[in-house]
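Residue numbers (full-length UniProt numbering), protein chains in the order written: chain A, 1 to 700; chain B, 1 to 700.
C-beta atoms are modelled at their ideal positions from N, C-alpha and C, and glycine is treated no differently.
Keep in mind the model is a prediction, meaning the values are calculated, not measured.
Note sheet for the following structure.
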């Protein structure tokens with residue numbers, strides 16, 4: 001008769017995994033921001049406690065957001081026992097399924113076995129309680145597939161008992177319990193390991209020692225370990241590898257060994273260690289295979305009691321707005337995984353954009369900005385939604401047109417929040433004062449100017465998307481004065497212009513002299529040397545809306561043009577923002593650039609001057625749908641520009657609204673201030689001269 | 001004492017204009033479709049009646065939708081009196097205001113005077129009752145500014161009466177009234193003019209004669225005219241020019257002339273002419289100025305009693321859906337006024353579009369189609385709206401994402417109708433069966449195939465906008481089989497491909513032999529020779545979704561790209577539709593086209609091969625945002641193409657679903673059917689040969 005037949009085989013309570021949802025949120029973040037495409041296993045930590053003996057809870061191994069940190073806060077806070085884990089998060093569900101589970105757990109078993117062989121586990125028994133966590137995070141759906149393993153070596157293969165484990169308060173007196181507790185506390189304070197030795201000295205009572213002392217302690221009665229189990233008959237999983245360690249190093253002492261399954265809870269304000277178990281090992285059985293590499297097992301069963309993965313769907317339990325927020329972020333961050341790791345999404349997300357015009361361009365620009373993660377968008381428009389708008393202006397629907405139409409700026413801002421509740425969007429119903437549009441109510445207009453100036457000042461990028469040339473003058477001038485980045489888009493019937501204005505430093509009175517430059521620059525133009533929308537003009541903007549026929553009143557365009565121009569306008573902004581020089585980024589031009597504007601001939605394919613991870617950062621993009629042609633002209637700032645020249649800005653800086661009022665009522669004054677009038681005189685006086693044709697400039 | 005002092009001066013009741021809203025709708029249509037930019041005066045007609053004597057209504061001159069027709073239906077229907085009018089509709093409000101009103105009415109007065117001088121008005125007295133209508137139609141706001149003139153010659157300048165006009169039933173007996181009525185009816189039946197003579201023959205009673213008989217009828221007692229006035233004391237406006245006619249031709253008979261103001265109504269089922277007035281002219285005063293060109297007046301006063309224009313705002317009274325319809329139409333038709341008169345908008349509007357995929361591309365393509373006036377859009381998609389969608393997919397909002405998300409196809413279709421109620425939009429929740437996606441439920445899949453085939457058959461243009469290559473195979477093949485135009489758009493991170501598939505005739509079994517051509521064509525490729533999305537492939541499409549990482553599962557793209565590609569896709573479709581050859585239009589390419597695909601070198605700037613009013617109609621457009629480059633490669637249909645080759649189509653035509661089922665489960669069979677497998681063998685056998693590099697083909 002074998003001892004097996006005469007005794008009882010000891011059964012161990014396996015760990016049950018407990019995953020805090022904070023773990024998944026943190027994993028999501030790590031996957032997006034840190035791991036990206038990598039599916040290499042990473043170290044994480046988990047913990048268990050031995051503090052719930054009377055709760056009859058399963059033996060929980062917990063992971064949470066701290067599992068990704070070196071210092072696992074939950075372990076310290078809850079007096080838990082730290083466990084080393086290995087997380088392997090696959091990129092696809094296929095890979096998750098395809099991982100060789102036996103190989104994975106064997107590898108971990110080998111590691112434990114090696115730590116036993118080397119004696120490392122004797123010095124640090126926490127090396128014995130490892131876990132594996134295999135995951136696939138479907139971040140699009142907030143579904144997480146996972147499978148835990150708690151590897152345990154089948155060595156010995158069986159532990160045989162003579163009698164049932166006994167609860168400690170049935171073995172020790174109250175005094176003895178108290179004494180043991182003190183001995184343990186003393187040990188824990190100095191050593192802190194989850195496995196220990198308990199020496200019972202007839203004279204001195206109990207004393208605890210580190211595990212490594214086993215060979216030296218002949219009087220040792222018990223081997224103790226912090227036991228996650230709360231069953232009155234069974235110890236928890238960690239004992240298995242602990243017994244393997246003892247079996248390897250002290251095989252001779254295993255039969256007859258007493259094991260203390262240390263359970264240490266506080267119940268009703270009272271510390272209780274009496275639920276700890278004492279187990280007397282009668283005999284052990286070893287596997288028949290070679291001992292040099294014991295078998296390893298320990299994959300957790302799922303909720304159906306099968307060896308298999310589990311899935312948790314967090315989408316239903318999460319706040320929908322937060323879900324939307326993460327989903328939008330995720331989509332953007334995916335760009336960084338493989339394609340553009342150097343992309344700085346925060347710069348884009350934190351950019352405040354002011355859209356002047358909430359029409360076809362304004363709507364599509366806002367949508368493209370949102371797709372790029374921009375959260376702060378303000379519209380300025382003074383129109384109302386009309387019946388022809390919704391099919392072209394993508395933030396409005398039929399219901400916005402009824403009864404005279406909703407105000408556009410406000411409707412557009414509301415729509416952005418309906419699309420994505422995280423938007424900080426505002427609509428300002430404001431008519432932009434314009435040169436040549438005679439001012440009747442000066443006080444009102446002065447207020448409007450202030451409102452516009454404040455709005456520009458509070459934003460980082462100003463988009464000019466209005467439908468007249470002259471409505472772009474004031475914001476162009478104010479943006480130059482305030483040193484803001486301006487992105488300008490304008491449509492023809494089947495042509496488009498998308499450009500950035502040369503971005504200057506905010507105005508300071510000293511700059512007039514230093515910036516005067518009239519000649520063509522050599523080499524690339526940096527951002528602050530680039531022109532604005534008005535730099536090609538040799539006449540001041542005036543009232544162009546009077547006397548326009550119906551087809552001139554609205555922008556009659558091929559519908560596809562506005563999508564193309566809006567897409568390019570936002571991509572140009574993002575390219576500028578991603579450039580290390582920002583608005584001062586050098587302008588790149590195409591070889592096929594127009595010949596009627598001043599050009600700086602460069603071949604981008606030959607000479608890489610772009611510093612933006614998104615590619616070339618042109619000054620302007622002109623497209624011609626009729627021929628599917630696109631050119632990238634760059635033009636220098638014009639010293640006599642009516643909008644951005646230091647002469648004009650200086651006048652505004654000095655006189656403020658008084659100057660503007662003059663401009664609104666008499667745009668010719670701009671030609672005086674900017675020096676254009678003198679230029680006209682000069683040109684008139686040389687009119688009859690014979691000068692070469694190529695010096696002509698075409699007025700845009 | 002002058003006769004003026006001894007008598008009463010006759011006052012005439014001016015016309016009051018009455019404009020049916022149908023007039024404005026018709027004017028809107030004429031302006032948009034016919035007049036366009038022209039503001040030349042055009043002939044219209046109006047009418048008045050003499051049938052409301054007892055109603056005490058003003059003397060109405062009516063215009064309505066029939067005013068633009070030669071045959072004025074309302075005149076005939078209501079027994080009205082036709083008036084010739086001249087409509088001048090200006091292009092701008094400024095022009096409306098600036099028209100010289102006096103000059104305009106003088107011109108019309110001259111015309112009347114000339115008709116008097118020439119005697120034409122004697123033969124046709126309706127030449128005397130002319131009107132002018134000056135309008136400005138603000139078609140964007142449905143506001144119509146207008147001003148009527150009823151030109152009347154101040155000749156004589158005064159008509160003096162001895163006594164008040166008398167009502168006819170106070171002058172004639174009942175019998176005489178009856179007799180007069182019969183005489184008038186007889187006259188009207190044969191002559192029908194609004195002015196006439198009434199001869200009272202002591203024997204024969206009353207007889208009516210045309211006006212031209214005045215000289216011959218010595219016994220003439222009365223000059224009659226159909227009188228729009230219902231006042232018991234005053235005749236209507238038409239009498240003034242009638243008296244001018246008589247004053248010129250029969251000046252001697254004016255003093256003492258009896259005028260019959262003919263009022264002819266049916267009241268309570270009884271015909272009544274007794275309210276007609278009889279006026280005895282005592283004397284006349286002529287203007288002191290020269291008689292050769294009498295003064296003309298007659299501009300209508302507005303509702304405030306001032307000489308000035310009126311405005312009617314129809315937007316509030318119109319059905320909002322109809323307003324939206326017209327507004328959308330207007331915006332498109334404005335293109336035809338100046339820019340593209342040859343544009344055929346009906347072709348576009350009547351095109352039924354099937355969009356496969358309701359994601360980023362699907363949403364923007366649908367919006368661009370709507371802006372072009374397309375009314376019939378169907379989506380096929382089997383996804384649900386997820387939280388990351390709305391910021392990129394422009395037909396969804398946050399609310400569509402909650403609780404697992406709405407089905408995309410249906411949501412997108414609903415949104416189109418919210419944007420524009422005139423849309424005929426449908427969403428079909430269908431997963432497109434794909435090669436290599438193993439079929440588990442064959443019956444279900446067969447139904448899906450049939451549903452897809454039916455949908456393609458019922459539409460004119462199929463857009464391929466899905467996110468995998470293999471989901472495009474079945475619709476590509478079916479569209480080739482059914483001879484539909486296919487527009488394909490696909491995105492990379494910062495690249496895009498927009499192409500049309502070569503459009504064939506619907507399949508007929510005879511075409512296999514005739515279309516076999518392997519060599520490079522010389523000259524431009526016409527539409528049916530062009531390749532499809534799969535023509536560059538040398539392997540069959542298979543399951544590409546298995547094993548894709550998160551950033552490969554969704555299309556990670558620069559957000560601007562999808563707007564650009566969607567805009568181009570729709571513009572390409574419209575360019576094809578506008579081309580006289582339609583889908584068979586020759587493909588044009590750019591000079592900078594890619595060098596890795598088979599090309600047909602042509603220089604569009606030198607050789608105009610486009611027949612589309614919208615410009616070049618390329619086969620494909622490939623764009624690279626990184627460099628802002630765009631090329632227009634054209635590639636020939638590949639005889640061994642897995643999607644569009646006659647070999648594959650033939651198999652489908654012969655075997656139907658049995659063939660497809662084989663393809664879904666084993667895409668390699670496509671390589672057998674298409675002959676690709678043999679090609680592979682051929683290539684393998686010549687692998688070691690030394691062949692020139694340029695014959696290599698790069699797999700797209």
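Using 10 angstroms around the beta-carbon of residue i, count the other beta-carbons present and answer buried if the total reaches 16, otherwise exposed.
| i | result |
| --- | --- |
| residue 307 of chain A | exposed |
| residue 652 of chain A | buried |
| residue 442 of chain B | exposed |
Alpha carbon to alpha carbon, how far is residue j from residue i? Give it in angstroms, no decimals.
| i | j | result |
| --- | --- | --- |
| residue 266 of chain B | residue 51 of chain B | 7 Å |
| residue 681 of chain A | residue 674 of chain A | 13 Å |
| residue 482 of chain A | residue 506 of chain A | 5 Å |
| residue 498 of chain B | residue 564 of chain B | 10 Å |
| residue 543 of chain A | residue 496 of chain A | 22 Å |
| residue 361 of chain B | residue 566 of chain B | 6 Å |
| residue 24 of chain B | residue 135 of chain B | 10 Å |
| residue 258 of chain B | residue 31 of chain B | 46 Å |
| residue 433 of chain A | residue 660 of chain A | 9 Å |
| residue 663 of chain B | residue 656 of chain B | 11 Å |
| residue 410 of chain A | residue 138 of chain B | 25 Å |
| residue 254 of chain A | residue 86 of chain A | 31 Å |
| residue 402 of chain A | residue 11 of chain B | 47 Å |
| residue 271 of chain B | residue 122 of chain B | 29 Å |
Run through DSSP, which three-state label would residue i get?
| i | result |
| --- | --- |
| residue 57 of chain B | coil |
| residue 257 of chain A | coil |
| residue 437 of chain A | coil |
| residue 238 of chain A | helix |
| residue 586 of chain B | coil |
| residue 152 of chain B | strand |
| residue 16 of chain A | strand |
| residue 68 of chain B | helix |
| residue 487 of chain A | strand |
| residue 336 of chain B | helix |
| residue 532 of chain A | coil |
Is there at least one non-hydrogen atom of the ligand FMN closer than 7 Å to the beta-carbon of residue i?
| i | result |
| --- | --- |
| residue 210 of chain B | With respect to the ligand FMN, the structure offers nothing, as it holds no ligand at all. |
With residue i as the anchor, note down where its alpha helix (DSSP H) starts and where it stops.
| i | result |
| --- | --- |
| residue 96 of chain B | 93-98 |
| residue 23 of chain A | 21-30 |
| residue 47 of chain B | Counting along the chain, residue 47 of chain B falls outside any alpha helix (DSSP H), though it belongs to the beta strand (DSSP E) covering 42-48. |
For the beta strand (DSSP E) that residue i lies in, which residues bound it at each end?
| i | result |
| --- | --- |
| residue 138 of chain A | 130-138 |
| residue 425 of chain B | 424-429 |
| residue 495 of chain A | 495-500 |
Starting from residue i, find everything on chain E with Cβ-Cβ shorter than 7 Å and list it in chain order.
| i | result |
| --- | --- |
| residue 420 of chain B | Given the protein chain composition of this structure (A and B), no chain E is represented. |
Run through the stretch 446-484 of chain B for me and flag every whole alpha helix (DSSP H) of 4 or more residues, listed as ranges in chain order. 473-482
List in chain order: all unbroken beta strand (DSSP E) runs of 3+ residues lying wholly within the stretch 163-223 of chain B. 195-201 and 205-210
Suppose only complete runs of 4+ residues qualify. What are the alpha helix (DSSP H) ranges in the stretch 653-689 of chain A, listed by chain order? 657-665, 668-674 and 676-685
Give the list of continuous beta strand (DSSP E) stretches no shorter than 3 residues that lie fully inside the stretch 243-313 of chain A. 258-262, 265-267, 270-272, 277-285, 296-299 and 310-313
Taking only runs that begin and end inside the stretch 376-418 of chain B, name each unbroken alpha helix (DSSP H) of 4 or more residues, in chain order. none
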